[in-house]
RNA sequence: GUCCUUUGUUUUCUA
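In the numbering used here, the protein residues as written are 1 to 315.
So, in C-alpha cells, the structure goes:
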C-alpha cells in the first residue's frame with residue numbers, strides 16, 4: 001500500500017487527479033487495501049485542484065471504509081477550504097474536529113495564521129501568534145516564516161526583521177524556505193543589497209540556494225530596473241548548474257518590458273522557446289501586456305494565436 | 001528503529 005500511496009501522491013503532483021484516480025482504481029481491484037494515508041492523499045490531491053466537493057466525497061468514503069479522519073485529514077481539508085476562500089466551511093470543519101476530540105496542532109495553527117495574514121487581518125494573526133505559546137503550542141519555523149511574510153506584505157519591514165532575530169534567538173535555525181521568504185521581503189521593500197547579503201548567509205550556513213532564491217533576487221533587481229544585475233544572476237544560475245525555469249523567463253521578460261525593451265523581450269522569448277524550455281500562460285500574458293502597452297496590438301494578437309496552438313489556454 | 005499523507009517562500013493584467 002505504501003507503493004500505491006507513493007504513486008498516487010506523485011501522480012497528483014506531477015500529472016492530474018484523473019491519473020491518480022485511475023491508480024486508486026487499479027489498487028482497489030488488486031488485493032491491496034487502502035489505508036488512512038491513502039485516503040488522506042486522495043483528499044489532499046482533490047483539494048489541491050480546488051475540487052472541494054470531490055474531496056468531501058473522498059472523506060465520506062474514508063469514513064465508510066472504517067477510518068476515522070485524523071488531524072492530518074482535517075488540516076488538509078481546512079487548508080483546502082481556506083484556499084478556495086470558504087472560511088465558513090473551514091471554520092465548521094475546525095469545530096467538527098474539536099468536537100471529535102482532535103486537538104488543533106501546530107499545523108492547524110500555522111494554517112490559520114497564514115490565512116489571517118493573507119486576508120489582511122494581520123492584527124488577529126499577531127494576537128494568535130502571541131497567545132498560542134500560552135496555550136501550549138510550540139511555535140515553529142513555519143509559524144515564524146508565515147508571520148515574517150505577513151509583516152513584509154503589510155510593509156512592516158522592521159517588525160519582520162525583529163521576528164527573524166527573535167526566531168534565531170529561540171534556537172530555530174532558518175531553513176532555505178525561510179531564507180527565501182526574507183529575501184523576497186527585503187526585495188519587495190527595496191532593500192536589494194540586504195537581500196543579497198542573505199544569499200551569502202545561506203552559503204555560510206552550509207545551505208544551498210535553489211531556483212526560488214535566484215528567481216527572487218532576479219525579480220528584485222528587475223523591479224529596481226537593474227537589468228544588468230538581473231542577467232548576471234541568471235548567468236550565475238547557469239554557472240552553478242541550476243535550471244532557469246519558466247518563472248525565471250517570466251521575470252526577465254517582465255523586467256525587459258517594464259524598461260520598454262519589448263524587442264529584447266521577444267528575442268529572449270524566442271531563444272527560450274528554441275531551446276525547448278518550458279513557458280506558460282504567464283509568459284504569454286507578460287509579453288502580450290508589454291506589446292499592448294507599446295501599441296503593437298497585431299504582434300500581441302499573433303502571440304495570442306500561438307497560445308491556442310500550444311494549448312496554453314488564454315485566461 | 002526504516003518507506004507514503006497536512007501548514008510558510010519566487011513570476012503576468014486593472015493608475
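The beta carbon of each residue, even a glycine, is placed where N, CA and C say it ideally should be.
Return the CA-CA distance between residue i and residue j, expressed in angstroms with no decimal places.
i: residue 250; j: residue 200; result: 25 Å
i: residue 309; j: residue 15; result: 21 Å
i: residue 33; j: residue 239; result: 48 Å
i: residue 183; j: residue 108; result: 26 Å
i: residue 121; j: residue 30; result: 49 Å
i: residue 26; j: residue 100; result: 33 Å
i: residue 260; j: residue 225; result: 11 Å
i: residue 173; j: residue 227; result: 33 Å
i: residue 8; j: residue 57; result: 17 Å
i: residue 213; j: residue 64; result: 45 Å
i: residue 59; j: residue 312; result: 33 Å
i: residue 160; j: residue 277; result: 36 Å
i: residue 67; j: residue 1; result: 15 Å
i: residue 303; j: residue 38; result: 43 Å
i: residue 110; j: residue 221; result: 31 Å
i: residue 117; j: residue 123; result: 8 Å
i: residue 190; j: residue 145; result: 20 Å
On a Cα-Cα basis, can you pick out the residue from the options that is closest to residue i?
i: residue 314; options: 284, 298, 295 and 52; result: 284
i: residue 326; options: 255, 60, 143 and 2; result: Any property of residue 326 remains undetermined from this structure, which presents the chain solely from 1 to 315.
i: residue 266; options: 299, 277 and 244; result: 299
i: residue 207; options: 131, 194, 177 and 277; result: 177
i: residue 164; options: 175, 70, 148 and 153; result: 148
i: residue 256; options: 223, 68, 277 and 244; result: 223
i: residue 156; options: 173, 186 and 129; result: 186
i: residue 51; options: 22, 287, 86 and 262; result: 86
i: residue 180; options: 154, 106, 161 and 216; result: 216
i: residue 166; options: 139, 188, 152 and 95; result: 139
i: residue 21; options: 2, 59, 295 and 45; result: 45
i: residue 279; options: 205, 253 and 158; result: 253
i: residue 136; options: 230, 150, 24 and 103; result: 103
i: residue 272; options: 220, 123 and 247; result: 247
i: residue 77; options: 43, 105 and 233; result: 43
i: residue 232; options: 218, 150 and 243; result: 218
i: residue 286; options: 204, 258, 175 and 211; result: 258
i: residue 202; options: 175, 189 and 211; result: 175
Does residue i come out as helix, strand or coil in the three-state DSSP assignment?
i: residue 15; result: coil
i: residue 144; result: helix
i: residue 137; result: coil
i: residue 186; result: helix
i: residue 260; result: coil
i: residue 57; result: helix
i: residue 166; result: helix
i: residue 241; result: coil
i: residue 205; result: coil
i: residue 293; result: helix
i: residue 181; result: helix
i: residue 121; result: coil
i: residue 66; result: coil
i: residue 310; result: coil
i: residue 108; result: helix
Buried or exposed: residue i, going by 16 or more other Cβ atoms within 10 Å of its Cβ?
i: residue 340; result: An answer regarding residue 340 cannot be provided, because it is not within the stretch 1 to 315 covered by the chain.
i: residue 127; result: exposed
i: residue 262; result: buried
i: residue 11; result: buried
i: residue 301; result: exposed
i: residue 131; result: exposed
i: residue 193; result: exposed
i: residue 47; result: buried
i: residue 6; result: exposed
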